[in-house]
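First comes the structure, then the notes that go with it.
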Amino acid sequence: MMKEKLFLKVVVVILLMSIHAWGADLRKGPYLIYTGTNTQMKMLWQLYETQTCKLTWRQFAAHPLGSVVTREYGTDHQHAYVIQGLTPGAEYHYTLSVGDDDYTGSFYAAPAEDDISLKFMVYGDSRLFPDTHNEVAGAMVAAYMDDPGFQKLVISVGDLVTDGDNEMNWDLELFDPQQENIHEMMASLPLQSCMGNHDLPGDLFKKYLPYPYVTDMYWSFDYGPAHFAIIDQFAEGYGVIGNTQIEWLEDDLALTEKKWKFIVLHGPGYGAGTHANVQEVQDAIQPLCEDYNVSIVFAGHNHNYSRAVVNGVNHVTSGGGGCHLYPVDVNYPFIVAAVEAHHFCKIDINRGLLTLSAETIDGIVLDKVTISAKENDRFQGDFSGEQNVNSAGGGCFIENLWSY
Ligand SMILES: [Fe+2]
Numbered sequence: 006m007m008k009e010k011l012f013l014k015v016v017v018v019i020l021l022m023s024i025h026a027w028g029a030d031l032r033k034g035p036y037l038i039y040t041g042t043n044t045q046m047k048m049l050w051q052l053y054e055t056q057t058c059k060l061t062w063r064q065f066a067a068h069p070l071g072s073v074v075t076r077e078y079g080t081d082h083q084h085a086y087v088i089q090g091l092t093p094g095a096e097y098h099y100t101l102s103v104g105d106d107d108y109t110g111s112f113y114a115a116p117a118e119d120d121i122s123l124k125f126m127v128y129g130d131s132r133l134f135p136d137t138h139n140e141v142a143g144a145m146v147a148a149y150m151d152d153p154g155f156q157k158l159v160i161s162v163g164d165l166v167t168d169g170d171n172e173m174n175w176d177l178e179l180f181d182p183q184q185e186n187i188h189e190m191m192a193s194l195p196l197q198s199c200m201g202n203h204d205l206p207g208d209l210f211k212k213y214l215p216y217p218y219v220t221d222m223y224w225s226f227d228y229g230p231a232h233f234a235i236i237d238q239f240a241e242g243y244g245v246i247g248n249t250q251i252e253w254l255e256d257d258l259a260l261t262e263k264k265w266k267f268i269v270l271h272g273p274g275y276g277a278g279t280h281a282n283v284q285e286v287q288d289a290i291q292p293l294c295e296d297y298n299v300s301i302v303f304a305g306h307n308h309n310y311s312r313a314v315v316n317g318v319n320h321v322t323s324g325g326g327g328c329h330l331y332p333v334d335v336n337y338p339f340i341v342a343a344v345e346a347h348h349f350c351k352i353d354i355n356r357g358l359l360t361l362s363a364e365t366i367d368g369i370v371l372d373k374v375t376i377s378a379k380e381n382d383r384f385q386g387d388f389s390g391e392q393n394v395n396s397a398g399g400g401c402f403i404e405n406l407w408s409y
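Using my numbering, the first residue of the sequence shown is number 6, and each one after it goes up by one.
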C-alpha cells in the first residue's frame, strides 16, 4: 500500500514537472480581455508558484509609460492588471518579467467612441483538439500579421474547453504555452467569449475570464462603432436564457446608439445542424434583432460554418475553431451558406457597410457577404467569384443560394 502511494506521488510530481517545463514560469498567459472602457486593457496570467512579477508598457520603443509590480490574488497564483490611461486605438508594447524571464507582446487599445471602422475576428468551439485549434489560431495570427487592422478583438462563440469544471482542460485546451499560435493570439488581442455548454458549470470560465457580467454570464460592451451583447444560454437552466436576461437584452439594445449591433451566443437559432435549432433564440432573440436592427447573431455549437438570413438578420454559426467537424444539412430553414470546415470569420466594418468573410486554415473563402447597417433587409451577396466552396473532407457545397 505504501509502495502504491509512493508510486502515485512520483507520477504526480513527474506530471506536474513536465507541465511546468512546457510553460517555464507561466502556466497561463499573458492574455488579454476587454472590460468595456476604451482607455483600459486587462492583462491576466497565472504561475505555478508564488513569484513577483513586473509589467511594463510603452507606446513606442522609447521610454516606458508605466510599470507595476504585481502580486498574486486568490489561491492559485493568478495575476491580473488593468493598464489604464491608454489612447483609444493606439498600439502598445509590453514586457512581463517573471523571475529571470521576460515575455513581450503588443496590443491595440479599443477604438475611440466615434470611430467609423472596425475589423475583428470570430470563431468558436475550439475545444478538445488543441493542435487543430492552434492551426486555426495560426491562420488568425497570419490575418492580423498581414493586416494589423485585425489585431483588434477576437470573439469566441463558446466551448473553449471540453469539461469546464476541469482545471487540466483549461491548461491544455486553451492556455497551453506550447500551442504557440493560440498563445500569441491571446497575448495580442482581447478574447471576448460567451459561455458554451462544455464550459459549464462556469466557475472556471469566470475564474479565467472575469468580464464585468451583469449577472450570471451575460453582459455587453461597445467597441468603436459596434455594440456586442454577450448572452448566457444557461442562466436559468441548461439551454435557458430566461425572461430576466431577455428583458435586460431589450433594454440594452434599446439604449445603445451604435450603428452596428451584434449578439454573441453559443447555441444557434438558425444553424445547419447537427444540433437542432434553439427555439428560444427564434422566439425571444429574433424579434429583438428585428426591432432593434441587430446585424448579426454569432453562434457556434455546430462544428461547421453556416449562415442563415431571417427577415434581414444574419445568423452566423462559426463552430469550426478546432473541435471535430459536423456535417451540414442545407435543408435547415433560412440557410444561405453552409460548409463543413475548420475556419474563422473576418468582419470588416467601414462606415455603413460590413463585409463578413469566412475562411479556412488554408485561406479558402467559404462565404463572403456585404451588408448594410441601415437597411439590413437589403442583403447583398458578393458575386466576385468567392462563392461557397466545398472543403476537403466532405463539406456540403451549396450553389446559387445567394438569393432567398
Ligand atoms: Fe456546444
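Beta carbons are placed, not taken as given, at the ideal position from N, Cα and C, and that holds for glycine.
Classify residue i as helix, strand or coil using the three-state DSSP reduction.
i: MET48; result: strand
i: SER225; result: strand
i: MET200; result: coil
i: GLU96; result: strand
i: ALA259; result: helix
i: GLN250; result: helix
i: LYS264; result: coil
i: PHE339; result: coil
i: THR279; result: coil
i: PHE138; result: Just to set this straight, residue 138 is His in the shown sequence, not Phe. Correct three-state label for HIS138: helix.
i: SER102; result: strand
i: LEU209; result: helix
i: TYR310; result: strand
i: ASP30; result: coil
i: PHE112; result: strand
i: ASN319; result: strand
i: ASN186; result: helix
i: VAL146; result: helix
i: HIS68; result: coil
i: LEU359; result: strand
i: PHE239; result: coil
i: LEU37; result: strand
i: LEU330; result: coil
i: CYS286; result: One detail in the question is off: residue 286 reads as Val in this sequence, not Cys. Helix.
i: ALA304; result: strand
i: SER193; result: helix
Report back the beta-carbon spacing between residue i and residue j to the nearest angstrom; my notes put them in contact at under 8 Å.
i: LYS266; j: MET126; result: In fact, because the Cβ distance is near 18 Å, the residues do not count as touching under 8 Å.
i: PRO135; j: GLU178; result: 5 Å
i: GLY169; j: PRO206; result: 6 Å
i: ALA117; j: GLY94; result: 6 Å
i: ALA85; j: MET48; result: 7 Å
i: GLY278; j: TYR337; result: 6 Å
i: ASP120; j: PRO230; result: 6 Å
i: PRO217; j: GLY34; result: No, PRO217 and GLY34 are not in contact; Cβ-Cβ is about 19 Å, not under 8 Å.
How about residue i and residue j: are their beta carbons less than 9 Å apart?
i: LEU123; j: LEU158; result: yes
i: GLN45; j: ASP81; result: no
i: ALA343; j: SER311; result: yes
i: GLY305; j: VAL141; result: no
i: PHE233; j: ILE268; result: yes
i: LEU165; j: ILE38; result: no
i: LEU361; j: ASP353; result: yes
i: ASN355; j: TYR228; result: no
i: GLY104; j: GLN56; result: yes
i: ILE236; j: LEU254; result: yes
i: VAL333; j: TYR275; result: no
i: SER131; j: CYS328; result: yes
Could you check if residue i is buried or exposed, using at least 16 other CB atoms within 10 Å of its CB as the buried criterion?
i: THR220; result: exposed
i: LEU260; result: exposed
i: THR365; result: buried
i: TYR331; result: buried
i: HIS308; result: buried
i: MET222; result: buried
i: TYR78; result: exposed
i: SER225; result: buried
i: ASP256; result: exposed
i: HIS414; result: No information on residue 414 is available, as it lies outside the stretch 6 to 409 that the chain covers here.
i: PHE303; result: buried
i: PHE345; result: It should be noted that the sequence gives Glu, not Phe, for residue 345. The residue is buried, with at least 16 neighbouring Cβ atoms inside 10 Å.
i: THR322; result: buried
Kindly examine ligand 3 and report whether one of its heavy atoms sits closer than 8 Å to the Cβ of residue i.
i: TYR78; result: With respect to ligand 3, the structure shown offers nothing to examine, as its ligands consist of ligand 1.
Can you find a CB in chain D that lies within less than 9 Å of the CB of residue i?
i: GLN238; result: Looking for chain D here will not work: only one protein chain is present.
*So which residues touch the region around ligand 1, with touch meaning a C-beta under 6 Å from any heavy atom?*
ASP164, GLY201, ASN202, HIS203, HIS271 and HIS306
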